[in-house]
Amino acid sequence: MTTNSIPSWKASGDWFDVCKCKNPCACEFAQEPTYGDCEGVLAYHIRSGNYGKISLDELNAIGLGSFEGNI
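Mapping of the sequence shown onto my numbering: position 48 corresponds to residue 41, and the numbering continues sequentially without gaps.
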């Protein structure tokens, strides 16, 4: 039987998030969302990093989310 392991990884760069709540984002302070749900965008730019032997340098990623209640 083989054992799967998670490769070592690291990432450094910049991130930005925004949601539809009144500023600041209530979820970041463990508070209820302004309108009862959370819809937002997370954007990342990895300046340098790796996942095992795979380079993540200069990678851009974006995530869209919609949650009921606090994330």
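We treat Cβ as the ideally placed atom computed from N, Cα and C, and that holds for glycine. Predicted model, so just to flag it, every value in this text is computed and none were measured.
Residues near residue i in its chain [Cβ-Cβ closer than 7 Å; skip 5 each side]
i	result
Leu52	Ile39
Leu49	Ala4, Ile39, Gly42, Asn43
Val11	Gly33, Val34
Phe9	Ala36
Glu25	Ala19, Asn63
Contacts around residue i, its chain only, beta-carbon distance under 8 Å, and the 5 residues preceding and following it disregarded
i	result
Thr27	Lys13, Cys14, Lys15, Ala19
Residue i versus residue j: straight-line alpha-carbon distance, rounded
i	j	result
Ile47	Asn(-3)	17 Å
Ile64	Ala54	20 Å
Gly29	Glu61	7 Å
Pro17	Asp7	19 Å
Gly58	Cys31	8 Å
Nearest-angstrom beta carbon gap, residue j and residue i [assumed within contact, 8 Å]
i	j	result
Gly56	Pro0	That belief does not hold up - the Cβ atoms of Gly56 and Pro0 are roughly 21 Å apart, past 8 Å.
As assigned by DSSP and simplified to three states, the class of residue i
i	result
Cys18	coil
Glu61	strand
Asp7	strand
Spatial neighbours of residue i in its chain, beta-carbon cut-off 6 Å, leaving aside the 5 residues before and after
i	result
Trp2	Tyr44
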